[in-house]
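Asker: Using the numbering used here, the first residue of the sequence shown is number -18, and each one after it goes up by one.
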Amino acid sequence: DRSRRDAALRDLIPRATVARYRRADWHGLHHLWGLAEVSFVAFPDLAELAADVVAEVAPAVVAEAPPVGFVECSRGDVAERREKRVVQLPAPRCDVAAYGRWRTAVHRATLWLSDHRRDVQLLSTLPLPLPDAHGEAASDPLAFMHRQGWLSQAIGPHSCPADSAALSDLEKSACSLASAFLQLSFPWLRTQYSGDLPGDVEPAEGVLAGLLARNALMRGSFRNASALATEGVIDQLPRLSRAQRFGLNTAAPQQASPRSPLIDRLSLFGTTPEGIRLLSDVTTSNEASYRQAAINRTIALVMRAARGIGEESVFETSGERLWTRVATRLEDVLGTLQQAGALAGKRPQNAYQVRCDRSTMSQQDIDAGRVIVHVLIRPAASIETLRIQLALSDSGGVSLAAIGMEAA
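#1: For Ala23, which of Pro(-5), Leu165, Ala17, Trp7 has the nearest alpha-carbon?
#2: What residue ranges within the region -9 to 18 form continuous beta strand (DSSP E) runs of no fewer than 3 residues, ordered along the chain?
#3: Quick one: Cα of Met354 to Cα of Thr305, how far?
#4: So, are the CB atoms of Val314 and Ala274 less than 8 Å apart?
#5: Within the region 61 to 127, note down every full alpha helix (DSSP H) run reaching 4 residues or more, in order along the chain.
#6: Measuring only the C-alpha atoms, how far is Asn331 from Ala325?
#7: In chain order, what are the residue ranges of uninterrupted alpha helix (DSSP H) at least 4 long that sit wholly in the region 211 to 250?
#8: How far does the alpha helix (DSSP H) with Leu198 in it extend, from its first residue to its last?
#9: Here's a check: name, in chain order, each residue in its chain whose Cβ is nearer than 6 Å to the Cβ of Ala(-11), leaving out the five neighbours to either side.
#10: Using the Cβ count rule (16 or more neighbours within 10 Å means buried), how would you classify Ser270?
#11: Under DSSP, the alpha helix (DSSP H) around Trp304 begins and ends at which residues?
#12: So, at 6 Å on beta carbons, what are the nonlocal neighbours of Thr231 in its own chain, with the 5 sequence-adjacent residues on each side left out?
#13: If we count the other Cβ atoms within 10 Å of its Cβ and call it buried at 16 or more, is Ser160 buried or exposed?
#14: What distance in whole Å lies between the Cβ atoms of Pro108 and Trp398, which are believed to be in contact at a cut-off of 8 Å?
#15: When you compare the CB of Arg98 with every CB in chain D, is at least one pair closer than 8 Å?
#16: Taking the alpha-carbon positions, what's the Ala197 to Leu189 distance?
#17: Taking Cβ to Cβ, would you say Asp95 is nearer than 8 Å to Gln236?
#18: How would you call Phe250, buried or exposed, if buried means at least 16 neighbouring beta carbons within 10 angstroms?
#19: Quick one: grab the DSSP three-state call for Ser166.
#20: With 16 as the cutoff for other CB atoms within 10 Å, does Val49 come out buried or exposed?
#21: Shorter than 7 Å, the distance from the beta carbon of Ser120 to the closest heavy atom of the ligand NAD, or not?
#22: Going by beta carbon distance, what residues of the same chain come within less than 6 Å of Thr106, once the five residues before and after it are set aside?
#23: Quick check on DSSP: helix, strand or coil for Ile276?
#24: Given this structure, state the Cα-to-Cα distance separating Glu312 from Gly15, to the nearest angstrom.
#25: Helix, strand or coil, according to DSSP, for Pro360 in the structure here?
#26: Can you tell me which of Val307, Ala308, Pro329 puts its alpha carbon nearest to the alpha carbon of Thr317?
#27: Report yes if the C-beta distance between Arg223 and Leu243 is below 8 Å; otherwise report no.
#28: Answer yes or no: do Asn205 and Asp262 have a C-beta to C-beta separation smaller than 8 Å?
#29: Taking the CB atoms as reference points, tell me whether Thr253 and Ile215 lie closer together than 8 Å.
#30: If I'm right that Leu209 touches Leu192 with Cβ under 8 Å, what's the distance once you round it to whole angstroms?
#31: Run through DSSP, which three-state label would Arg285 get?
#32: Which residue marks the beginning of the beta strand (DSSP E) containing Ile257, and which one marks its end?
#33: How many Å lie between Ser343 and Ala308 at the Cα?
#34: Which residues does DSSP pair with Gln334 in a beta bridge?
#35: Pick out whichever of Ala17, Leu259, Pro234 has its Cα sitting closest to the Cα of Ser207.
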């Protein structure tokens, strides 16, 4: 039922906020207020809720009964075997209207995080298109995203209608998904544990969340997660071609980064000599400085540290002594990050700057008890693409024509 699914979306991603201290009124994303250690949030059933119910399903398959034979006597009564049936449900797929509902939900969730939990990253997966709904969504996902206005501008406090079937270009750009707080993954994956799911596939955000968690424990969340191998991933749906991953859409508006291919806009999984792995660890931001997801995770680390220091000092008297202590503790945190390789620069003064004195606060701030710290950091950006151009001469010789390194 469409109305019930829309109600579930509203409860999951609230449009209006409630008072943080009224926990009885929390629902959906509101619970992040009480989960200070959460770093990622995902909605694995979002595509299912946005898509329309598919009436046609494959017929039930009756599981074969075990062969008849003599066995040892068992103790007690033997329960009667129930007939087992496996219903083959198709994976959720979206038409243009369903894509609009999905985009609206992701837009509102990302906007909520940017307003209330800036240290949390939203992980989602681009839904699969219906085979006959929109050919461009299947053949050229990047062109489809640009045409729908998903990458036209940065996410902001704009109205985003749920019904996107007849939106103007201005309304589409108001529902942009370009944000450093959003990481979209694609394609869908077939894993060792997806056999009980519709279509035997699952959205890639679950595997991505596991990779990011393992990356944080083993290497540090400030490092690119594409270096880690995936486990239990068998296949992908669909299998993207090289042209789909690296092709450009020059018709995209200038503010939507037309020189960025799909692999720089979505966190793509793909086949490598080592198996199916994460090819790009990126956000949907149009700003190149926030495109790498590791940079946003580094900023989230600093924000969490600053929040912890602030909570410990909330009842202290504001003054020179407190300002110095807060600045010193933040410098200790940033120094640790710099030594671990999260910040660029061989020396601390080249990697970060911290100021907390009268130059960062007005007299009104001091009288109100506010402590304002200015922090400048240089996150270390990893190189994700090494582009080598080879020239083939008429004689059959190969020469190196150009070499360049690009960051996402």
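Glycine is no exception: its CB is placed at the ideal position from the N, C-alpha and C atoms.
Computed from a prediction, not measured in an experiment: that's the story for all the values here.
Answerer: In short:
#1: Leu165
#2: none
#3: Per the sequence shown, residue 354 should be read as Val rather than Met. C-alpha separation (whole angstroms): 10 Å.
#4: no
#5: 77 to 97, 116 to 120
#6: 7 Å
#7: 223 to 227
#8: 186 to 199
#9: Leu30
#10: exposed
#11: 301 to 321
#12: Pro239
#13: Label assigned to Ser160: buried.
#14: A query on residue 398 cannot be resolved here, the shown segment of the chain reaching from -18 to 389 and no further.
#15: No chain D appears in this structure, which consists of one protein chain only.
#16: 12 Å
#17: First, the amino acid is wrong: residue 95 is Ser here, not Asp. No, the Cβ-Cβ distance between Ser95 and Gln236 is not below 8 Å.
#18: buried
#19: strand
#20: exposed
#21: In the structure shown, the ligand NAD is absent, as is every other ligand, since no ligand is present at all.
#22: Closer than 6 Å at Cβ, skipping near neighbours: Ser166, Pro184, Ala185, Glu186.
#23: It is helical.
#24: Approximately 28 Å, taken between the alpha carbons.
#25: strand
#26: Pro329
#27: Contact: no.
#28: yes
#29: no
#30: 5 Å
#31: Of the three classes helix, strand and coil, the one that applies to Arg285 here is helix, per DSSP.
#32: 256 to 259 is the span of the beta strand (DSSP E), which, as asked, contains Ile257.
#33: 17 Å
#34: Leu357
#35: Leu259
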